[in-house]
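Novice: The opening position of the sequence shown corresponds to residue 559 in the numbering used here, with each subsequent residue numbered one higher.
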Amino acid sequence: MSDQALSSIIAAAALCVGTVVGAVIKYILNLREIRKNKEAIQQKDTTIIGLQKQIREILDLKVEQAPRKISYQLQILDDEISKIQESGHKAEVSILGINATGPLHQGRELLVNLLVKEGRLRVLLLDPRKPVFEERCNREDDTVGRIAAELYASLYILMDITLKAGIFGGNIEIRLHEKYPDRSLLMLNHRDKDGVILANPYPSSNGSRGMDGQMYPLIKQGRTTDGYNVNVQYYENLWDEADPIKLRIPQKRHRITDWPF
Numbered sequence: 559m560s561d562q563a564l565s566s567i568i569a570a571a572a573l574c575v576g577t578v579v580g581a582v583i584k585y586i587l588n589l590r591e592i593r594k595n596k597e598a599i600q601q602k603d604t605t606i607i608g609l610q611k612q613i614r615e616i617l618d619l620k621v622e623q624a625p626r627k628i629s630y631q632l633q634i635l636d637d638e639i640s641k642i643q644e645s646g647h648k649a650e651v652s653i654l655g656i657n658a659t660g661p662l663h664q665g666r667e668l669l670v671n672l673l674v675k676e677g678r679l680r681v682l683l684l685d686p687r688k689p690v691f692e693e694r695c696n697r698e699d700d701t702v703g704r705i706a707a708e709l710y711a712s713l714y715i716l717m718d719i720t721l722k723a724g725i726f727g728g729n730i731e732i733r734l735h736e737k738y739p740d741r742s743l744l745m746l747n748h749r750d751k752d753g754v755i756l757a758n759p760y761p762s763s764n765g766s767r768g769m770d771g772q773m774y775p776l777i778k779q780g781r782t783t784d785g786y787n788v789n790v791q792y793y794e795n796l797w798d799e800a801d802p803i804k805l806r807i808p809q810k811r812h813r814i815t816d817w818p819f
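1. Alpha carbon to alpha carbon, how far is Ser701 from Cys695?
2. Any idea what DSSP makes of Leu713, helix, strand or coil?
3. Report the residue from Lys648, Gly703 and Arg733 whose alpha carbon sits nearest the alpha carbon of Leu805.
4. Determine the closest residue to Leu796 out of Glu708, Ile653 and Lys751, with distance taken between C-alpha atoms.
5. DSSP on Lys620, reduced to helix/strand/coil?
6. Nearest to Pro761 by CA position, among Tyr738, His663 and Asn787, is which residue?
7. Report the three-state DSSP secondary structure of His735 (helix, strand or coil).
8. Could you please give the first and the last residue of the uninterrupted alpha helix (DSSP H) stretch that includes Glu667?
9. Under DSSP, the beta strand (DSSP E) around Ile642 begins and ends at which residues?
10. Within a Cβ cutoff of 7 angstroms, which residues of the same chain sit near Val517, ignoring the five residues on either side of it in sequence?
11. Can you tell me whether Arg741 is helix, strand or coil according to DSSP?
12. Write down every uninterrupted run of the alpha helix (DSSP H) in the stretch 780-819 whose length is 4 residues or greater and which is fully enclosed by it, in chain order.
13. Assess, as a yes-or-no matter, whether the stretch 639-654 is touched by the stretch 700-714 under the definition of 3 or more beta carbon pairs within less than 8 angstroms.
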């Protein structure tokens, strides 16, 4: 074999080796890039999961402190009433509100059941005959009479609850107070050691409705004694000073003849 032929063979071999080595190097680089990308994707997923977790925590907090969240409050109330009734005791619900339309309307069946099982219902509302009622309407920028209409509806809902509860409807007491409202309350057996209070302080800004405020989820006597006792005393003082009223249940269904359109 000539030197020229040998040189050609060596050159071809080197070219093949170079091609193979190049391919191997390229493969290794690709693997490194793939791994790098995979780690980046995993890191991104972790970040997304972390963000999702934070979002869920924020949403959970907002649910707990949501404006009013009547359905949430009533679910707590219903669960606690069931526990009391199952233990053989009677439940007493005390409500405070400007008109309390939310808990009375959404909690109608719950309250009927409370009375049928010989429980007691006390409702404390703002007196529409007093100047403080007009003051509150102005504070909420109510120019159409919404607050008064809601109170009107609440009284009819209470009539309905009374009729549905039958003879046990006598366990309903309604009073009207004239103190400027700064909170709403839903209380269950609040005199007992295992009593429950759901409190909703009203926002102070003009134009805000009472239900725009945040709700204290669940206060049990002994856990937050100061806040619990303050709310109990606030309610009982208002109750003692308030005027009792007795609803005149109509003999036939009330009909609205003057619709606003």
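Note that beta-carbon positions come from the ideal geometry of N, C-alpha and C, so glycine has one too.
Keep in mind the model is a prediction, meaning the values are calculated, not measured.
Specialist: In short:
1. Locating residue 701 in the sequence shown gives position 143, where the first residue counts as 1. Locating residue 695 in the sequence shown gives position 137, where the first residue counts as 1. Looking at the sequence provided, one finds Thr at residue 701 rather than Ser. So the alpha carbons of these two residues sit roughly 8 angstroms apart.
2. Within the sequence shown, residue 713 is the residue found at index 155, counting from 1. Reduced to three states, the DSSP call for Leu713 is helix.
3. For the purposes of this step, residue 805 is identified with residue 247 of the sequence shown, where counting begins at 1. It is Arg733 whose Cα lies nearest to the Cα of Leu805.
4. Numbered from its first residue, the sequence shown carries residue 796 at position 238. Selected option, being the one with the closest Cα: Ile653.
5. Start at 1 with the first residue of the sequence shown, and residue 620 comes out as number 62. Here Lys620 scores only 44 on pLDDT, less than 50, and its place in the model is too uncertain to base an answer on.
6. Counting from one through the sequence shown, the residue named residue 761 turns up at place 203. Here the closest residue by C-alpha is Tyr738.
7. Within the sequence shown, numbered from 1, the residue matching residue 735 stands at position 177. In this structure, His735 counts as strand in the three-state DSSP scheme.
8. Looking up residue 667 in the sequence shown gives position 109. From DSSP, the alpha helix (DSSP H) with Glu667 extends over Arg666 to Val674.
9. Numbered from 1 along the sequence shown, position 84 holds the residue referred to as residue 642. First-last for Ile642: Ile628 to Glu644, but that is the alpha helix (DSSP H), not the beta strand (DSSP E).
10. Nothing about residue 517 can be reported from this structure: the residues present for the chain run from 559 to 819 only.
11. Your numbering for residue 741 matches position 183 in the sequence shown. Note: Arg741 maps to strand in three-state DSSP.
12. Listed in chain order, the complete alpha helix (DSSP H) runs (minimum 4 residues) inside the stretch 780-819 are 783-799.
13. no
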